[in-house]
Amino acid sequence: MRAQPFPPEMEIQEEDYFDYYYDEPGSEPGSIIIDPEALPTHINLIEYNPIKAYKKSDIQPKDCQSCLNNDLVSWADIQGLGSEKILREIAEVFRLHPLILEDVVNVPQRPKLEDCQNQLLIILHCIKPNSNEMGFTSEQISLVLGKNYLLTFQEDAIDDFSKLRDRIKNNQGKVRNLGADYLAYLILDTLIDNYFPVLEDYGERIELLEDLIVADPTQKTLKEIYNIRRELLALRRSIWPLRNLFNQLTREENELISKEVYIYFRDCYYHTIQILDILETYRELASSLMDVLMSSMSNKMNEVVTLLTIISSIFIPLTFIAGIYGMNFEFMPELEWHWGYFLCLLLMLSIALLMLFFFWQRGWFKFYFSKKTKW
Amino acid sequence: MRAQPFPPEMEIQEEDYFDYYYDEPGSEPGSIIIDPEALPTHINLIEYNPIKAYKKSDIQPKDCQSCLNNDLVSWADIQGLGSEKILREIAEVFRLHPLILEDVVNVPQRPKLEDCQNQLLIILHCIKPNSNEMGFTSEQISLVLGKNYLLTFQEDAIDDFSKLRDRIKNNQGKVRNLGADYLAYLILDTLIDNYFPVLEDYGERIELLEDLIVADPTQKTLKEIYNIRRELLALRRSIWPLRNLFNQLTREENELISKEVYIYFRDCYYHTIQILDILETYRELASSLMDVLMSSMSNKMNEVVTLLTIISSIFIPLTFIAGIYGMNFEFMPELEWHWGYFLCLLLMLSIALLMLFFFWQRGWFKFYFSKKTKW
Amino acid sequence: MRAQPFPPEMEIQEEDYFDYYYDEPGSEPGSIIIDPEALPTHINLIEYNPIKAYKKSDIQPKDCQSCLNNDLVSWADIQGLGSEKILREIAEVFRLHPLILEDVVNVPQRPKLEDCQNQLLIILHCIKPNSNEMGFTSEQISLVLGKNYLLTFQEDAIDDFSKLRDRIKNNQGKVRNLGADYLAYLILDTLIDNYFPVLEDYGERIELLEDLIVADPTQKTLKEIYNIRRELLALRRSIWPLRNLFNQLTREENELISKEVYIYFRDCYYHTIQILDILETYRELASSLMDVLMSSMSNKMNEVVTLLTIISSIFIPLTFIAGIYGMNFEFMPELEWHWGYFLCLLLMLSIALLMLFFFWQRGWFKFYFSKKTKW
Amino acid sequence: MRAQPFPPEMEIQEEDYFDYYYDEPGSEPGSIIIDPEALPTHINLIEYNPIKAYKKSDIQPKDCQSCLNNDLVSWADIQGLGSEKILREIAEVFRLHPLILEDVVNVPQRPKLEDCQNQLLIILHCIKPNSNEMGFTSEQISLVLGKNYLLTFQEDAIDDFSKLRDRIKNNQGKVRNLGADYLAYLILDTLIDNYFPVLEDYGERIELLEDLIVADPTQKTLKEIYNIRRELLALRRSIWPLRNLFNQLTREENELISKEVYIYFRDCYYHTIQILDILETYRELASSLMDVLMSSMSNKMNEVVTLLTIISSIFIPLTFIAGIYGMNFEFMPELEWHWGYFLCLLLMLSIALLMLFFFWQRGWFKFYFSKKTKW
Amino acid sequence: MRAQPFPPEMEIQEEDYFDYYYDEPGSEPGSIIIDPEALPTHINLIEYNPIKAYKKSDIQPKDCQSCLNNDLVSWADIQGLGSEKILREIAEVFRLHPLILEDVVNVPQRPKLEDCQNQLLIILHCIKPNSNEMGFTSEQISLVLGKNYLLTFQEDAIDDFSKLRDRIKNNQGKVRNLGADYLAYLILDTLIDNYFPVLEDYGERIELLEDLIVADPTQKTLKEIYNIRRELLALRRSIWPLRNLFNQLTREENELISKEVYIYFRDCYYHTIQILDILETYRELASSLMDVLMSSMSNKMNEVVTLLTIISSIFIPLTFIAGIYGMNFEFMPELEWHWGYFLCLLLMLSIALLMLFFFWQRGWFKFYFSKKTKW
């Protein structure tokens with residue numbers, strides 16, 4: 000099982016979750032800024048129709064020129080955003096609007112759908128659970144859907160789409176019989192489905208917290224609740240715009256998407272809604288847990304203070320009595336009584352018993368004698 | 000009465016409430032995954048018109064072929080989702096879209112309404128109170144409404160619809176005189192009405208909590224409030240989509256639903272609204288109870304700390320005075336006074352009375368002398 | 000004045016506020032369930048036109064047959080929902096849809112507006128303050144508005160409409176000159192206006208709480224705040240649907256309502272909005288009061304703990320010094336000094352004064368020397 | 000500067016803020032109830048066109064008859080709502096709908112816009128800061144805009160419009176060149192602008208609270224926060240409906256308002272939005288301040304309890320040691336050591352230093368040695 | 000790095016954030032009030048077409064007359080709002096509506112979009128981080144877009160647009176090839192992009208707080224959280240209206256904006272949405288931090304009180320025993336036993352160990368022996 004309450008190393012790069020790209024104020028619109036750490040750009044092209052399908056690896060942008068004319072469905076997968084020259088050549092070949100190129104290259108952007116010049120730009124995030132620690136990683140994937148072709152721009156050369164490539168190669172399912180719009184759907188569907196395992200991790204972490212919160216209502220639990228709320232907020236920022244995006248995709252008549260494929264996009268829409276549903280539920284649970292933590296701390300304090308009060312209330316008056324008979328006055332008749340000492344002890348015992356009865360009656364002992372609830 | 004504050008065994012499988020099905024990322028759309036624990040699939044067919052009605056049990060998918068052609072209303076009730084072959088044959092006979100079959104088989108899905116290819120898919124949940132403990136069970140029921148037929152897919156072979164089958168058999172009410180749309184309504188109505196007894200249980204649990212919260216503001220009460228909030232959240236996830244679903248059903252003109260039946264679907268819509276109303280009320284009450292619990296704990300602490308302060312404030316100064324006259328200085332004139340001891344006691348008494356007066360004036364005794372409120 | 004902070008008997012039937020009717024799951028739609036405690040059904044008929052008006056008491060359903068044909072405006076007031084036979088006959092005479100009859104008889108329903116078969120069904124609640132205690136009672140009133148007639152179904156034989164009957168009888172105001180739609184308005188207006196005195200009571204209870212909350216931040220105050228929040232929630236459930244209902248009534252063109260009367264329904268709409276406004280204000284005030292209560296308890300605790308700390312911090316060190324000179328070591332030079340005792344007392348006094356100065360400087364005495372604020 | 004944290008006399012009539020008028024249930028619609036304390040009614044008439052302008056004071060209703068026919072713009076300013084006869088005559092002269100008269104006379108109503116019978120009724124509130132204390136006063140002003148005339152009904156004979164009258168008299172600005180609609184705008188604009196100084200006072204009170212809340216987190220501060228929240232709630236109830244009102248005025252085509260004047264009403268709309276913006280900001284700040292107060296109290300308690308713990312933890316063990324050597328056992332070897340007393344003192348000193356080191360290490364002294372933050 | 004937890008001088012003029020302009024109630028609409036501290040007005044004119052571009056500095060209003068007629072794109076940049084005469088002349092030359100001039104001069108206004116008389120008025124704020132301290136400064140910039148010209152009104156002579164002027168001069172990018180609408184976009188884009196660095200500062204301040212909040216949960220942290228919430232509220236007031244503004248700009252067909260430029264305004268819209276997204280995220284984080292602070296304080300108190308209880312519970316009973324044997328009764332048999340003293344010490348030790356075991360078992364030591372979490 001992946002989720003652990005408090006993993007040994009808490010070396011998560013938390014600042015990543017709220018990363019975003021923004022232009023230098025006053026910069027030229029459409030300017031692209033290459034991240035010096037970005038991977039060099041590679042282009043893989045897959046072309047297919049119901050009869051044949053082939054793949055070309057590491058081609059040059061000008062080799063894609065043919066995609067626009069032939070009647071095959073073309074999928075140009077651009078991996079790595081580090082080579083400005085290649086990216087600009089691709090933009091030229093496919094006649095991308097400068098703003099589209101800007102959104103594709105300057106990552107991360109907010110997920111969005113932009114319909115411009117017979118092309119549909121879809122930007123969304125590929126979310127994956129961290130393999131060896133808690134949290135998730137996020138990476139931007141941009142799709143440009145044209146008449147007969149699909150461009151995908153990926154930050155990393157991840158291998159999420161290998162199953163899909165196999166399905167094209169082996170002619171499994173419907174993919175070879177339908178157009179670039181169905182291919183776009185298959186990619187979007189994969190990306191949406193990626194959210195579920197991440198969510199499941201949070202479900203498990205919340206369940207673990209439910210058990211821990213009473214046994215150990217400390218700073219660590221508090222930190223974990225805060226982290227979960229923080230990360231769910233980041234997840235929500237990434238998924239929330241998709242709701243609108245798919246809603247637009249399914250409602251607006253768009254000539255790039257065929258009637259047959261709409262029902263598939265609607266399926267994506269329902270999945271997005273479901274993810275948001277689960278996310279909101281987790282957020283509400285995490286917020287309830289914060290209340291529970293506060294109550295739990297308050298309860299713990301009650302327990303501690305009650306003990307202090309019981310002990311103090313019994314022994315402070317008794318100590319006072321002992322103090323009286325420790326005074327050195329010359330004339331203190333009781334001191335001379337033969338049974339004085341024992342009468343004094345008896346008095347003390349009575350007071351102690353009276354006090355205990357009072358506390359028992361008010362139910363102040365239940366903290367100590369009730370079995371520890373395993374809630 | 001079912002609701003109990005804290006039932007002896009707290010062995011509720013809580014994780015069930017937030018269960019959901021999701022595709023393996025990258026899997027083929029329309030693929031169906033048979034749960035190894037699912038029951039084997041049985042098909043029961045009821046066919047009727049105003050004049051006659053008969054029932055066929057445990058038939059084969061191809062026996063349903065006739066439903067599509069004859070002018071009887073057909074209700075094919077498919078129980079158990081464990082036999083992939085039978086399910087695929089049904090899909091073939093009734094020409095179900097692959098995505099519909101996927102939603103029907105891969106349970107649980109979010110409730111939804113899908114209008115596709117002259118068929119209407121309605122997915123919702125059958126909610127039932129747990130018979131011997133708190134909480135509820137949830138099971139998916141899918142309806143596929145066609146021109147002249149209705150398919151129902153159930154996870155379990157529950158017997159919620161036996162009364163309905165009797166009404167068809169005995170020609171009670173209008174059911175035999177109307178089409179498959181009215182039959183669909185009758186099933187939906189039964190499923191919606193199932194929510195009410197579950198809600199009633201929560202109403203009772205909240206009422207019990209209102210009594211317990213002051214008498215016993217402890218971890219157990221806290222746990223119970225959290226559980227109620229958690230389960231109401233799960234219930235809300237199940238009922239919330241229905242609001243939209245029925246709203247769509249009553250507003251959109253759909254050729255599968257006759258004018259006469261619209262008013263019945265509107266009735267379902269109003270019932271859904273009412274359930275949501277009650278649910279929100281309970282959620283707000285549960286949230287108020289959390290505030291009450293916090294206040295109650297705080298009040299309890301005040302009570303305990305006030306006692307500590309009263310006892311300490313009276314006896315600590317007195318003990319100090321006793322301490323003074325317990326010192327062993329050689330020259331302490333008071334010790335030699337004949338009435339010194341009694342003057343000292345008098346002084347102590349005065350201080351104690353002064354303190355008590357001060358506390359009484361500030362009203363600090365009201366915790367102890369006011370009759371325990373039974374709120 | 001009606002509102003009292005804590006009335007002597009707290010015997011309010013709280014569970015009533017959240018009562019609602021629901022069908023037995025699987026029951027026949029349109030089935031009516033007679034509550035065994037319901038009053039027997041009586042029908043009073045008032046018929047009028049600008050010239051004449053007469054009233055028939057305790058008539059039979061079939062006597063209403065004429066209402067449908069003559070050109071008088073007819074108001075059939077059905078009181079008591081206990082006689083199934085009579086209710087069914089009425090439904091037959093006026094051709095009520097089975098679902099309408101169900102909604103009318105199976106009380107309480109959520110307020111709603113249903114337009115069906117040339118009849119307009121309006122369901123709402125008659126709210127009245129409890130005469131001898133806090134809270135309110137709620138009762139369903141259903142109106143069926145037809146072409147020339149108005150049916151009202153009441154649970155109880157209350158006498159809210161006697162003034163209205165007098166106005167019809169004495170031809171006061173416009174009522175005799177307008178149709179059944181205006182009569183419906185007059186009844187709705189009376190029912191809406193009934194909410195105001197109930198709201199006023201809550202306003203007074205909240206004002207009383209504002210005074211009590213600091214003087215007496217105890218369980219009773221907490222209980223009262225919770226009760227107010229609870230009852231306002233119940234009130235809101237009853238009034239909220241009316242907003243939509245009247246909005247629909249004023250916007251949709253309906254042939255049963257004449258142009259002249261629309262402005263009156265709009266007036267009802269504005270009153271409903273105003274009630275909701277006040278209700279939300281009270282809800283926010285009650286929620287603020289909960290915060291104030293928490294702060295007030297926290298402040299009280301500060302006050303108590305500060306005293307404890309002052310007393311302990313002064314006397315515990317002094318007692319320690321006294322303890323030192325109470326030790327029985329054989330060689331303790333100070334004990335033999337002649338002024339040792341007085342030097343020791345002087346030391347103690349200095350420490351005490353130093354401590355007091357420290358506390359005074361930090362302002363810890365302000366709790367005790369500031370005049371009790373009467374906020 | 001007007002705003003003071005806690006003015007000497009807290010004699011604000013708080014109940015005024017949530018005042019509202021409601022009909023006696025069952026009363027005749029359109030009935031008007033004269034408040035016995037209302038001022039007697041006076042009518043002042045101003046008539047003007049671009050060329051001339053004159054004013055008639057204290058005229059009779061029938062003198063207004065001419066307004067309807069001549070081609071001057073007429074502004075009838077009705078001050079005081081105490082004379083039923085005069086008010087009814089005005090209604091007759093200007094043919095006001097009974098419901099309009101009711102809304103105008105039975106104050107205070109919720110702000111609203113009603114378009115009926117070629118007349119536009121606008122009800123809103125004139126808000127003014129209290130001159131000698133905190134809070135504000137509210138008074139209803141009703142405008143009835145007709146073809147060529149404007150009626151204003153004021154509760155009091157306030158002099159808010161004297162500048163406006165001067166502008167008409169002296170032909171300043173555009174007022175004499177435009178119609179009654181522009182006059183209505185000028186009055187509305189004045190009323191809206193009246194909200195700003197009141198808001199500014201709340202801004203100052205909140206700023207004062209920000210300084211006070213830490214220095215003095217007591218009941219008075221709590222009361223002040225609660226009062227501000229309460230009064231902002233009242234303000235919001237008065238301004239919120241205006242947003243909708245002006246939105247309607249600017250969007251709907253109304254023949255009473257000329258094209259030229261629409262831009263001015265849009266300006267009012269923007270001012271209303273701005274007031275709501277500021278109001279919401281203040282409400283959020285007041286709500287944040289409540290959190291700050293709670294934290295501040297909690298911090299104060301921490302400070303107090305930490306001192307108690309430090310003092311107790313050091314001196315209670317020491318007192319115990321002193322107690323041991325104060326016992327009267329016959330055989331206690333240490334007592335007879337020559338340096339026993341000094342060894343004992345040394346032991347005590349070591350323990351005290353150890354404790355102090357422990358507390359210093361945990362940072363528990365920072366409350367006392369950090370300079371008081373002036374936040 | 001700019002963000003510091005608590006900068007040395009806290010001399011931020013906080014009241015600036017919630018500044019707003021409002022008219023004196025009753026003042027003439029369209030009147031302009033010159034702020035005595037406003038800078039004198041200077042006009043710089045840039046005119047260009049694809050072929051040529053020139054700049055005139057410090058010209059007179061009448062020199063702009065030609066802009067309206069020639070076919071160059073003209074950008075008149077008016078800096079400083081201190082010279083009423085010049086501003087009125089500009090208004091005359093460009094035929095500005097009085098309300099537009101009022102909005103432009105009487106700063107600060109709420110951001111808005113006003114379409115009037117063939118001109119488009121856009122008001123928004125130029126936000127910049129404070130260079131040497133925390134927080135930001137805000138200044139109003141107004142754009143008036145006409146057929147062939149653009150007016151910009153700036154409070155200050157800031158140099159935000161120098162890069163833009165260079166691009167025009169050097170014919171970089173598309174600016175010289177497109178109209179005044181594209182120029183307006185470039186200015187808006189720069190202003191929107193200015194928000195990002197300010198937001199980034201808040202992100203850093205929140206991150207710093209996340210580290211500080213547990214190590215130092217004091218008044219200063221509380222003050223910093225409150226300040227962040229306060230300033231984010233101010234930022235939100237400034238950015239929120241832009242969302243609507245750009246939405247309107249992109250949806251409404253406006254003849255002043257060419258088809259080609261719409262996609263650019265849509266880009267501004269997406270940036271605004273993104274800023275709001277980040278802002279809301281920060282607001283939620285700041286609000287969560289307040290919860291964390293409360294929990295942290297509560298935890299600290301638990302820690303302190305637990306120590307007090309442990310020490311008191313062990314030593315108070317022991318001191319009592321010592322007190323008993325310090326009494327001076329004549330007959331106390333134990334005192335005379337030879338091993339009495341040692342037996343007594345043994346008894347005390349046993350009690351102490353028992354208590355320690357009890358506390359260890361309840362886990363009360365974990366506060367002190369667990370390594371300080373660096374969360």
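As they're listed, the protein sequences go chains A, B, C, D and E.
For reference, each letter of the first sequence is one residue, going 0 to 374 in numbering that gives the first Met the number 0.
For reference, each letter of the second sequence is one residue, going 0 to 374 in numbering that gives the first Met the number 0.
For reference, each letter of the third sequence is one residue, going 0 to 374 in numbering that gives the first Met the number 0.
For reference, each letter of the fourth sequence is one residue, going 0 to 374 in numbering that gives the first Met the number 0.
For reference, each letter of the fifth sequence is one residue, going 0 to 374 in numbering that gives the first Met the number 0.
Glycine included, each C-beta is placed from N, C-alpha and C at the ideal position.
Small disclaimer: the values here were computed from a predicted structure and weren't measured.
Listed from N- to C-terminal order along the chain, which residues in the region 311-339 of chain B have their beta-carbon within a distance smaller than 7 Å of any beta-carbon of chain C?
When C-beta distances to chain C are compared with 7 Å, the residues of the region 311-339 of chain B below that value are Ser311, Ser312, Ile315, Pro316, Thr318, Phe319, Gly322, Ile323, Gly325, Met326, Asn327, Phe328, Glu329, Phe330, Met331, in chain order.
Once the 5 residues before and after Leu185 of chain D are set aside, which same chain residues still bring their CB inside 6 Å of it?
The beta carbon of Leu185 of chain D lies closer than 6 Å to those of Leu163 in the same chain, with the five residues before and after it left out.
For Asp159 of chain B, count the other beta carbons within 10 Å of its own beta carbon; 16 or more makes it buried, fewer makes it exposed. Which is it?
Buried, by the Cβ-count rule.
Ends of the beta strand (DSSP E) at Glu138 of chain B?
Run containing Glu138 of chain B: 135-144, per the beta strand (DSSP E) assignment.
Does the region 202-213 of chain E come close enough to the region 35-54 of chain A to have 3 or more Cβ pairs within less than 8 Å?
Contact between the region 202-213 of chain E and the region 35-54 of chain A is absent, because fewer than three Cβ pairs lie under 8 Å.
So is the beta-carbon of Tyr181 of chain B under 7 Å away from any non-hydrogen atom of the ligand GDP?
Looking for the ligand GDP in the displayed structure turns up nothing, as the structure carries no ligands at all.
By DSSP's criteria, His41 of chain A is part of a beta bridge. Which residues make up the other side?
Per DSSP, A:Gln78.
Counting only the same chain and skipping the five closest in sequence on each side, list residues whose C-beta sits under 6 Å from that of Leu248 of chain E.
Excluding residues within five positions, the ones whose Cβ falls inside 6 Å are Phe264.
Distance, Cα to Cα, Thr318 of chain A vs Thr305 of chain E?
Thr318 of chain A and Thr305 of chain E: Cα-Cα distance of roughly 23 Å.
Note down the Cα distance separating Ile89 of chain E from Asn243 of chain D, rounded to an integer number of angstroms.
The straight-line gap separating the alpha-carbon atoms of Ile89 of chain E and Asn243 of chain D is approximately 35 Å.
Taking the alpha carbon of Ile50 of chain E as the point to measure from, which residue in E:Val72, E:Thr217, E:Ser82, E:Tyr19 has its own alpha carbon closest?
Checked all of E:Val72, E:Thr217, E:Ser82, E:Tyr19; the closest Cα to Ile50 of chain E is E:Val72.
Counting C-beta neighbours from all protein chains within 10 Å, is the total for Arg250 of chain A 16 or more, i.e. buried, or is it exposed?
Exposed is the call here.
In chain order, what residues of the same chain have a beta carbon less than 7 Å from the beta carbon of Arg109 of chain A, not counting five sequence neighbours either side?
Within the same chain, Arg109 of chain A has close Cβ partners Pro240.
With His270 of chain A as the anchor, note down where its beta strand (DSSP E) starts and where it stops.
Boundaries around His270 of chain A are those of the alpha helix (DSSP H), 258-323, since no beta strand (DSSP E) includes it.
Name the two residues that bound the continuous alpha helix (DSSP H) containing Leu348 of chain B.
Counting along the chain, the alpha helix (DSSP H) containing Leu348 of chain B begins and ends at 339-360.
Buried or exposed for Asn176 of chain C, please, with buried defined as at least 16 other CB atoms from any protein chain shown within 10 angstroms of its CB.
Asn176 of chain C is classed as exposed because its beta carbon has fewer than 16 other beta carbons within 10 Å across all chains shown.
Residues of chain B with a CB under 9 Å from the CB of Met300 of chain A: which are they?
Taking the beta carbon of Met300 of chain A as reference, the chain B residues within 9 Å of it are Met296, Met300, listed in sequence order.
Just checking my contact of Asn298 of chain D with Gln218 of chain E at CB under 8 Å: how many whole Å lie between their CB atoms?
Going by Cβ atoms, the distance from Asn298 of chain D to Gln218 of chain E rounds to 6 Å, so yes, they are a contact pair.
Look at the Cβ atom of Tyr268 of chain D, then the Cβ atom of Asn246 of chain D, and state whether they are nearer than 8 Å.
The answer is yes: Cβ separation under 8 Å.
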